[in-house]
Structure formats: C-alpha cells, structure tokens
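Just below is one structure, and these are the notes that go with it.
Residue numbers (the numbering used here): 7 to 298.
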C-alpha cells in the first residue's frame with residue numbers, strides 16, 4: 007500500500023485510512039509502463055501521480071495534457087505552474103497521436119492548461135490533436151476535458167466540431183466557493199460552457215472536488231445546476247492539497263457520504279455518477295460511452 011501525496015496544513019484531522027491505494031500491477035499495466043519508459047512518453051496520469059493510474063492503464067485508458075505545462079490562471083487547488091506560457095508547439099498534435107498509437111490506448115482523455123494568452127484559447131491545437139489521433143488510431147475513442155475559453159464560444163465550437171465521444175468541463179467546486187477556489191473562473195460561465203456542449207448532442211460531463219469547505223446543500227445545488235445545463239455524467243472526488251501553499255483540505259469526506267451523493271445524483275437524473283474519495287475526472291472514463 008502507498009499513501010497519496012498530501013501535505014497536511016491546518017487540516018481538521020489526520021488523513022483517513024480510506025485514502026490509500028494499492029501499487030499498480032497486472033499485465034496490461036506492465037505493458038503500458040514499458041512503452042512509456044522505452045519511448046519516453048508523457049501522460050498526466052504519471053506526472054500527476056494519479057492514484058488510479060494502474061487501474062486506468064490496465065483498462066486501456068490514458069490522459070494527456072496539451073498546450074504546455076504553464077497555466078495563465080492561478081486556481082488555489084491546482085498544482086500546475088502559473089505564469090507566461092511558452093509558444094505553442096505546432097507539432098504537438100502529431101506527437102500526442104504517436105504516443106496514443108504506441109501505447110495502444112483504447113480510450114484517450116485529453117486535457118490542457120488554460121491559455122488565456124492566445125486569441126484562439128488553444129482551440130486550434132485542440133482540434134488538430136483530436137484529428138491527428140483519429141488519423142493514427144481510428145479505433146480510439148476520445149474524451150476532451152476542456153477549459154471555458156473565457157466565454158468565447160466560437161473557440162469552444164471549433165473543438166466541438168471534431169465531435170469527440172465525451173466532452174467534459176469541470177465545475178470544480180460549488181457556487182459559494184468558486185471565487186475562493188477558482189480565482190479567474192466564473193461558476194455561471196462554466197455552466198454556460200456545459201450548456202453549449204450539451205446542445206450539440208454530445209455526451210456532456212463535469213466534476214466537483216469535495217472537502218474544500220462545501221456543505222451538503224451546496225453540492226445538491228450544484229447537481230441541480232449541472233442537470234439544468236444538460237450534463238449527463240458527474241464525477242465527485244476528494245480534494246487533496248498538492249502543497250502547503252494551496253487551499254487546505256477542510257473536510258475528509260467519508261465513503262458513505264460519497265455513496266449518498268451518487269444515489270442522489272442518479273435519482274436527480276444524471277446518466278452516470280462516479281463518486282468516491284479516489285475518483286478523478288478521468289476515472290472509469292471508458293465506461294462513460296453509453297448510448298445517447
């Protein structure tokens with residue numbers, strides 16, 4: 007067993023026992039691990055030390071981050087560096103597509119930093135990456151975890167025109183905490199982005215981190231807001247503090263509470279709910295390809 011990388015700071019109690027994961031094992035994981043090491047491939051699964059890496063790789067799912075590793079925003083929960091990003095790498099779509107092909111990824115999740123410095127918000131590279139993967143690995147299904155493009159819906163539309171199987175944009179937290187947790191983001195703008203996605207007929211997905219200080223009524227309100235925006239798939243997971251400089255963990259949410267949220271979410275009308283302490287945005291992503 008290994009502990010997850012959490013740095014305690016001003017937290018109400020010790021990290022609970024349920025926040026422990028088994029070391030990744032299995033033939034499929036070992037195969038992908040070998041390809042990643044041999045070809046020096048990069049996935050956010052590995053760089054983010056995701057607790058579900060072994061399970062996802064074993065299921066043929068991997069997540070890639072595009073448009074660099076420097077974000078133009080400074081959310082208090084996120085470990086990605088903030089600053090002035092480097093110039094766009096126009097060959098990145100081909101390199102990502104090659105990685106997907108080498109790893110024999112069955113279901114590919116793509117995410118990115120926010121690129122508010124770019125007029126297109128990075129949407130051109132987004133679209134080219136999706137198209138490159140389709141050319142190299144036509145059997146691979148795709149999920150895109152998109153930014154809000156600062157409300158420039160033409161940029162969002164450019165990505166949606168490629169018709170990925172699942173389109174995700176994370177709400178991240180409840181309305182009451184958004185200004186504190188997502189400093190440059192807007193709760194209603196995220197809902198509007200999700201509404202635009204849903205109106206295209208694509209599977210629409212969002213996620214919320216718990217343990218940031220939200221109350222039960224806040225979470226239920228967010229569920230209703232997401233359903234009103236047309237979201238089909240919801241993920242709920244425990245927030246983990248990356249460093250002492252980030253937002254502290256206010257509460258450890260018990261697995262029974264996560265189970266209750268899942269039950270409420272399904273009763274309210276979500277098609278699929280992933281809810282648990284170790285759930286992350288791309289957890290069980292390959293299972294979210296239900297019939298529309």
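Backbone N, C-alpha and C define an ideal beta-carbon position, used for all residues, glycine too. Please read these numbers as outputs of a predicted model, since none were measured by experiment.
Using the Cα positions of residue i and residue j, report the straight-line distance between them to the nearest angstrom.
i: residue 193; j: residue 231; result: 10 Å
i: residue 269; j: residue 174; result: 21 Å
i: residue 203; j: residue 43; result: 36 Å
i: residue 286; j: residue 249; result: 18 Å
i: residue 108; j: residue 82; result: 35 Å
i: residue 164; j: residue 223; result: 36 Å
i: residue 106; j: residue 190; result: 32 Å
i: residue 9; j: residue 137; result: Any reading at residue 9 must be qualified, since the residue scores a pLDDT of 40, below 50, and its modelled position is unreliable; no value is offered.
i: residue 215; j: residue 242; result: 6 Å
i: residue 7; j: residue 225; result: For residue 7, the predicted structure reports a pLDDT of 35, less than 50, and the residue's modelled location is therefore unreliable. A value from the coordinates is still provided. Approximately 31 Å, taken between the alpha carbons.
i: residue 97; j: residue 65; result: 28 Å
Could you check whether residue j and residue i sit closer than 8 Å to each other, using their CB atoms as the reference points?
i: residue 271; j: residue 246; result: no
i: residue 181; j: residue 157; result: no
i: residue 238; j: residue 188; result: no
i: residue 294; j: residue 209; result: yes
i: residue 146; j: residue 288; result: no
i: residue 220; j: residue 179; result: yes
i: residue 76; j: residue 91; result: yes
i: residue 99; j: residue 135; result: yes
i: residue 103; j: residue 131; result: no
i: residue 161; j: residue 118; result: no
i: residue 112; j: residue 292; result: yes
Would you grab the beta carbon distance between residue i and residue j for me? Rounded to a whole angstrom, and I think it's under 8 Å.
i: residue 256; j: residue 244; result: Actually they are not in contact, since the Cβ atoms of residue 256 and residue 244 sit about 11 Å apart, beyond 8 Å.
i: residue 78; j: residue 116; result: Between residue 116 and residue 78 the Cβ distance is about 18 Å, and since that is not below 8 Å, they are no contact.
i: residue 206; j: residue 166; result: 5 Å
i: residue 133; j: residue 177; result: About 24 Å; that fails the 8 Å criterion.
Per DSSP, which residues does residue i bridge with? Please list them.
i: residue 98; result: Answer is none; residue 98 lacks a bridge partner.
i: residue 116; result: 70, 150
i: residue 76; result: 87
i: residue 280; result: 241
### Task
List in chain order: all unbroken beta strand (DSSP E) runs of 3+ residues lying wholly within the region 183-219.
The region 183-219 contains these whole beta strand (DSSP E) runs: 209-216.
### Task
Can you check the region 235-278 for any beta strand (DSSP E) of at least 3 residues that lies completely inside it and give the ranges in chain order?
Whole beta strand (DSSP E) segments, 3+ residues: 239-244.
### Message
Extract the residue ranges of the beta strand (DSSP E) inside the region 155-180, only unbroken runs of 3 or more that lie entirely within it.
### Response
The region 155-180 contains these whole beta strand (DSSP E) runs: 172-174.
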